[in-house]
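Just below is one structure, and these are the notes that go with it.
Residue numbers (my numbering), protein chains in the order written: chain Z, 6 to 261; chain P, 6 to 261.
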């Protein structure tokens, strides 16, 4: 089975044993792209011991300092969560998310070069992902579990999602891949869009009475991420922002 | 969630840590009936440590000497296997097996006393179930996995099957609709948003070289609809548009 471009990103993992268990769980389900953002201890003999036979996945795991680096070359981003509902993000159960991930990651007929990766984010063992980290995600992925005892071990969560991806892949291999004409905007494109929008808001002296500037930008980020914009759509929005700025600058210039 | 009468039977488990992980995995998915046939070491501090919060499942686990004792009071029995095909047994994938298990374990209307338990058997970490042990099963349960690296950790296998049972159970029970804190923006609100955006684009003299105005607005409508905006989010966008307009009008007014 050729691995699909599906990247699992572990953020600030505390226990190296868990990283080993994750490598094994991924390999069991034919996944190989593991990125570690600031792991507490890695490499570590405990990770190697728990990987048992998945040392190749462990050896190729990349260690980076920021989530942004981890998401380089990615398109769709899911963040794992224990929340059943969320006011800001779409919450998708693991099974539906897996189908979406596979559809997105499969090679498109006639496409040049490798497809951008789909990323799944996993937070720390104790506290999961921070609100800031969630801000990079298009949607949240939730594993259904016992409401009275939901705290899944990190390795188990990875195993379940990897399994759903494996099953979804088997299901869709018969069917042709869905065509997407234009790839999703990259996380870096989205960052530039948010920065541009903020600039325009500042130039227009836009203030929201009900919330602070940071809070407002966060809300905007969330709902624009939810839209899963492709590259052209980001360009349209950037074009509108530039047009608005030029107009104002011309007007201002003439005035002065 | 009331646990259904579904029993997980571990045969001659070598590592007590795995027994703890199994208890946790079961509790995560609302299962509680664990039976251990001749475990190498149990009870054991390693089991307790790995159970983390599922000590109740561990405390109630029964230790017995034979598979026959473990299966007392059971009806349907599945044996876990890595085989894809088998000459003797029906091999059922984890998902289909879970549906069957739940159907079998649910209380029947008008039935007297507790329903007999459905059992799932798990062999030793190294060699799985013996042919003799398989002989007690009605069918084999197989977890789909990477053919190049199928050896699932015992805890992971339990987690996957417990999860499939949990999902199958949820599927068969009617779910109430999800609550939403802030209602979705109405279609009329969305229309006003689109009209406002178009106005600003015209005032800014925004043109897209690649597509006609109608086509462009259609694209924008599609991706904003995809975001499933609520009323507050539409208000934020309208506020930004108004701020941009006021600024430009003031600038234009001074100029004229």
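Glycine is no exception: its CB is placed at the ideal position from the N, C-alpha and C atoms.
Check	Outcome
Pull out every residue of the region 72-94 of chain Z whose Cβ sits closer than 7 Å to any Cβ of chain P, in chain order.	90, 92
Would you mind listing the alpha helix (DSSP H) stretches within the region 131-219 of chain Z that are 4+ residues and don't spill past its ends, in chain order?	136-139, 159-178, 192-208
If you measure between the beta carbons of residue 59 (chain P) and residue 14 (chain P), is that distance less than 8 Å?	no
For residue 254 (chain P), does the count of other Cβ atoms within 10 angstroms reach 16, so buried, or fall short, so exposed?	exposed
The beta strand (DSSP E) with residue 110 (chain P) in it runs from where to where?	Premise fails: residue 110 (chain P) lies in the alpha helix (DSSP H), 99-110, not in any beta strand (DSSP E).
Just the chain Z side, please: which residues come within less than 9 Å of residue 66 (chain P) by C-beta, in chain order?	Those within 9 Å of residue 66 (chain P) in chain Z number zero; the least Cβ separation is about 16 Å.
Give me the chain Z residues within the contact set of residue 270 (chain P), using Cβ-Cβ distance strictly less than 7 Å, ordered along the chain.	No information on residue 270 (chain P) is available, as it lies outside the stretch 6 to 261 that chain P covers here.
Could you list the residues in the region 239-254 of chain Z with a C-beta less than 7 Å from some C-beta on chain P, going in chain order?	241, 244, 245, 248, 249, 252, 253
Can you pull the DSSP bridge partners for residue 41 (chain P)?	P:15, P:68
Run through the DSSP bridge pairs and tell me what residue 124 (chain P) is partnered with.	P:12, P:82
Quick check on the DSSP output: the alpha helix (DSSP H) that includes residue 53 (chain P) runs from which residue to which?	50-56
Any idea what DSSP makes of residue 129 (chain P), helix, strand or coil?	strand
Using beta-carbon positions only, say whether residue 211 (chain P) and residue 244 (chain Z) come within less than 8 Å of one another.	yes
State the start and end residues of the unbroken alpha helix (DSSP H) segment that holds residue 21 (chain Z).	21-33
Taking residue 161 (chain P) as the reference, which of Z:84, Z:28, Z:208, Z:252 has the closest Cα?	Z:28
Grouping DSSP H, G and I as helix and E and B as strand, with all else coil, what is residue 260 (chain Z)?	Note on residue 260 (chain Z): pLDDT 41, under 50, position unreliable in the model; no value is reported.
Can you name the residues that DSSP bridges to residue 235 (chain P)?	P:189
Would you say residue 123 (chain Z) faces chain P, with C-beta separation under 8 Å as the test?	no
Cα-Cα, which of P:67, P:174, P:236, P:188 is closest to residue 197 (chain P)?	P:236
Assess, as a yes-or-no matter, whether the region 49-68 of chain P is touched by the region 111-127 of chain P under the definition of 3 or more beta carbon pairs within less than 8 Å.	no
Counting only C-beta atoms, is residue 32 (chain Z) closer than 8 Å to chain P at any point?	yes
If the cut-off is 8 Å on Cβ atoms, which residues from the region 99-112 of chain P count as contacting chain Z, listed in chain order?	100
Near residue 242 (chain P), which residues of its chain fall below 7 Å by C-beta distance, leaving aside the five closest residues on each side in sequence?	198
Measure the Cβ-Cβ separation of residue 8 (chain P) and residue 30 (chain P) and say whether it is below 8 Å.	no
Put residue 6 (chain Z) into one of helix, strand or coil per three-state DSSP.	coil
If you pair each beta-carbon of the region 147-156 of chain Z with each one of the region 34-52 of chain Z, do three or more pairs fall below 8 Å?	no
Does any C-beta atom of chain Z lie closer than 8 Å to the C-beta of residue 228 (chain P)?	yes
Residues of chain Z with a CB under 9 Å from the CB of residue 224 (chain P): which are they?	237, 238, 241
Could you tell me how far apart the beta carbons of residue 175 (chain P) and residue 152 (chain Z) are, in whole angstroms, since I believe they sit closer than 8 Å?	No, residue 175 (chain P) and residue 152 (chain Z) are not in contact; Cβ-Cβ is about 11 Å, not under 8 Å.
Within the 8 Å Cβ cut-off, does residue 276 (chain P) reach chain Z?	Any property of residue 276 (chain P) remains undetermined from this structure, which presents chain P solely from 6 to 261.
In the DSSP assignment, what are the bridge partners of residue 96 (chain P)?	P:145
Taking only the alpha-carbon atoms, compute the straight-line gap between residue 251 (chain P) and residue 93 (chain Z) and give it to the nearest angstrom.	29 Å
Rounded to the nearest angstrom, what separates residue 86 (chain Z) and residue 147 (chain Z) at their Cα positions?	5 Å
Starting from the C-beta of residue 45 (chain Z), find all residues in its chain whose C-beta is less than 6 Å away, skip the five residues before and the five after it, and write them out in chain order.	19
How many angstroms separate the CA atom of residue 90 (chain P) from the CA atom of residue 217 (chain P)?	58 Å
Counting only Cβ pairs nearer than 8 Å, list the residues of chain Z close to residue 59 (chain P).	154
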